[in-house]
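Residue numbers for the sequence shown, in our numbering: 13 to 193. Where is the CB? At the ideal position from N, CA and C, for every residue including glycine. Since the model is a prediction, treat every value here as computed from it, not as a measurement. A quick write-up on the structure given underneath.
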Amino acid sequence: MKKTNINIARYVIISFVLLVSLRINLISQSESATLENVLSVYIYNFSKYIEWPPSQSDKFNICIWGENKIISPLEVIAKKETVNGKEIEVKELNKLNEIEKCNILFYPGNNIRVFSRLIDFANEKAILLITNSEGFAEKGAGINFIKVEDKIKFEINKRVLEKNKLIPNSRLLSLAVNVYE
């Protein structure tokens, strides 16, 4: 009888530990998905509040540098929305020579060397470079995501945008936490 009780107790403890582990994993996955959804909506909305230079392309290209979970929610938006009447195409990039066709380039990393190279390409091609690393707006990103009181906000480097012939709407500027001129 004692062995049976010990086995039942082990079973209950193991089941409890597995259940708690599963719950923690599910919570962390849903929080991650929420962050990517929020960022993807921001990125799409930025496209509507910026005056873009004329383009010969029939598509509006939103590019993501490297593998990132944001691609999936952006693809959902791309199926339903357009930018200036153009179909949205979402691309995952890993090579600098692929950047030239991007209208928006999101760099989710924080490697300053990669970031510096992306800035050079973005500035040559009138590309909106969006980042999410502290200090990157001051260092040359057009828009940078930041966390303020556990909420996702953004800052804008207006000088960089205008240099790249991207004109931010006054409403977009008013929503930014910081505007660098």
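| Item | Value |
| --- | --- |
| Where Lys-175 falls: helix, strand or coil (DSSP) | helix |
| Member of Asp-132, Phe-157, Glu-193 and Leu-140 whose CA lies at the smallest distance from the CA of Glu-48 | Phe-157 |
| For Glu-110, the three-state DSSP class (helix, strand or coil) | helix |
| Cβ pair count under 8 Å reaching 3, the region 56-63 against the region 83-103 | yes |
| Extent of the continuous alpha helix (DSSP H) to which Asn-135 belongs | 124-137 |
| Closest Cα partner of Glu-254 within the set Thr-94, Val-189, Ile-111 and Ser-67 | The displayed coordinates of the chain run from 13 to 193. Any statement about residue 254 would go beyond what the structure contains. |
| At least three beta-carbon pairs within less than 8 Å, the region 102-111 to the region 172-189 | no |
| Proximity to Gly-152 [Cα-Cα], best of Leu-187, Val-191, Lys-165 and Trp-64 | Val-191 |
| Given 8 Å, three or more beta-carbon pairs between the region 57-74 and the region 180-187 | yes |
| Limits of the unbroken alpha helix (DSSP H) element including Glu-99 | First-last for Glu-99: 98-105, but that is the beta strand (DSSP E), not the alpha helix (DSSP H). |
| Helix, strand or coil at Pro-180 according to DSSP, with G and I counted as helix | strand |
| Burial state of Thr-94 (16 or more Cβ within 10 Å) | exposed |
| Euclidean distance between Cα positions of Ala-90 and Pro-120 | 19 Å |
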